[in-house]
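Novice: Below you'll find the structure I mean.
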Amino acid sequence: MAQETKNFKVKAIEALVDGATTWFMENDVVTYADESKAPTDVQITAKIKELKDAWDAIEYKRDRLKIYPSIQDQLDMQYHDTVNGTTTWKDAITKVKSDVPKPS
Amino acid sequence: MALIKTNTRSLSGVLTSNQVPTQTITSATLPAGTPLQMKHHHKQTATQYSSGVQKVMEVELTTLKVNSKIKIDINYHDDKPNVDNRDSHNRAYQFGYKTGSASSTVGNYTGRGGRLSSNSNYEHCSMQGNHADGNSPLENTDVPSGGGLGGQWGNWGSDYEVNGHSYSFEFSPSVAAGTVLQLSFWVNAQGTFVASGPHYFLDANNHYNGAVSSIHATEISV
Chain S
478 MAQETKNFKV KAIEALVDGA TTWFMENDVV TYADESKAPT DVQITAKIKE LKDAWDAIEY
538 KRDRLKIYPS IQDQLDMQYH DTVNGTTTWK DAITKVKSDV PKPS
Chain A
276 MALIKTNTRS LSGVLTSNQV PTQTITSATL PAGTPLQMKH HHKQTATQYS SGVQKVMEVE
336 LTTLKVNSKI KIDINYHDDK PNVDNRDSHN RAYQFGYKTG SASSTVGNYT GRGGRLSSNS
396 NYEHCSMQGN HADGNSPLEN TDVPSGGGLG GQWGNWGSDY EVNGHSYSFE FSPSVAAGTV
456 LQLSFWVNAQ GTFVASGPHY FLDANNHYNG AVSSIHATEI SV
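Keeping their order, the protein sequence lines are chains S and A. Here the first sequence is numbered in the numbering used here, starting from 478 and rising by one per residue. Here the second sequence is numbered in the numbering used here, starting from 276 and rising by one per residue.
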């Protein structure tokens, strides 16, 4: 989790600076080539929260990706469903969505 | 076979100062191809960089002889952002030198050692010089390699292994003896990157992955 947090910080700073200056970070200390373009800590914290909230909001999509049948298997299911009049593919997808529901 | 007797006698005595040649070996008298001195910078700390043009490593060398050649050896490691679409992460690696003190302005440096190809727009660091002198970057890529978004490449969801880049070349700055040279390695990146560390580089407590980088300069007599 700590790694993700740091990635959010990098992404937050990059988004806030938006190319106005270059910067680098060593041991969690950020140095800006043009200090006048540096975002404030408050701005960075707010941006991190915004990015993290957006990331967390689609966690269910990442979880579903891990359990969906492969594209090849899904195509095979659809073929047999078409030939045999079954609902194997639809049932498999419905089960994934049911097991990992979208947060309301 | 006849036996050979070794002469066990030895010379003895003391040389006086007037018996020692007065000529000493100097840099100026060394033959062409002789290494005169070596300077080295070892980057052991991982650094997260923003997009844009940035100096990553630099070493200073004061020439010992006029018109010496400079041999540069660079070993550099970095990693890429954890994005699935790497087509928006153009990158150029470039070497440049300047005389006098170091500068943070890339335009003060003259590129050398790079590819003999024309590179336009994003694919260079905007150094002085021209393509015929090898002012193009040492390496270009518009789709850096690396892992994808979280969950695909391990429990921590990001890139673990750093990528190695290695360059070696000579150039002739055509300067007098006693000239201070700044010899540096720059990166122009369209996205963020970590030098000498993995993408998810954090802080001193999380250096699980990474690799050192270095720039090595040798002055060679001509």
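Each residue gets a CB set at the ideal place from its N, CA and C atoms; glycine is no exception. Source: prediction; values computed, not measured.
1) Using a Cβ-Cβ cut-off of less than 8 Å, list which residues of the stretch 300 to 332 of chain A approach chain S; keep chain order.
2) Are the CB atoms of V462(A) and R366(A) nearer to each other than 9 Å?
3) Just to confirm before moving on: does the CB-CB distance between G485(A) and H352(A) stay below 9 Å?
4) Out of curiosity, what's the CA-to-CA distance linking E333(A) and D530(S)?
5) Rounded to whole angstroms, what is the Cα-Cα separation between T454(A) and K346(A)?
6) Between I379(A) and chain S, is there a C-beta pair that is closer than 9 Å?
7) Residues bridged to E445(A) by DSSP?
8) Specify the secondary structure class of Y372(A) as computed by DSSP and reduced to three states.
9) Give the secondary structure of D492(S) by DSSP, where H, G and I count as helix, E and B as strand, and everything else as coil.
10) How would you write the range of the beta strand (DSSP E) that I300(A) sits in, first residue to last?
11) State the Cα-Cα distance for the pair S379(A) and W500(S), rounded to the nearest angstrom.
12) Which same chain residues, not among the five before or five after S326(A), have their C-beta less than 8 Å away from its C-beta?
13) Give the secondary structure of V577(S) by DSSP, where H, G and I count as helix, E and B as strand, and everything else as coil.
14) Do the CB positions of E445(A) and M313(A) come within less than 9 Å of each other?
15) At a CB-CB cut-off below 7 Å, which residues of chain A make contact with W500(S)?
16) For H399(A), collect the residues of the same chain with a Cβ closer than 6 Å to its Cβ; drop the 5 residues on either side in sequence, then sort them by chain order.
17) Nearest chain A C-beta to E527(S) closer than 9 Å, yes or no?
18) Determine whether the Cβ of A510(S) lies closer than 9 Å to any Cβ atom of chain A.
19) Taking 9 Å as the threshold (C-beta atoms), are G382(A) and S363(A) in contact?
20) Please confirm whether P448(A) and Y372(A) have their CB atoms less than 9 Å apart.
21) Kindly indicate which three-state DSSP category V487(S) falls into: helix, strand or coil?
22) If the cut is a Cβ gap below 8 Å, which residues of chain A does G496(S) touch?
23) Below 7 Å on C-beta distance, what does V487(S) contact in chain A?
Specialist: Put simply:
1) T320, A321, T322, Q323, Y324, S325, S326, G327, V328, Q329
2) yes
3) yes
4) 40 Å
5) 16 Å
6) Just to set this straight, residue 379(A) is Ser in the shown sequence, not Ile. So, interface residue.
7) K346(A)
8) strand
9) The sequence given here has Ala at residue 492(S), not Asp. In the structure shown, A492(S) sits in a helix (DSSP, three-state: H, G or I).
10) Careful: I300(A) lies outside any beta strand (DSSP E) and carries neither H nor E.
11) 12 Å
12) A464, Q465, G466, T467
13) coil
14) no
15) S325
16) A367, P412
17) no
18) yes
19) no
20) yes
21) helix
22) S326, G327
23) Q323, T467
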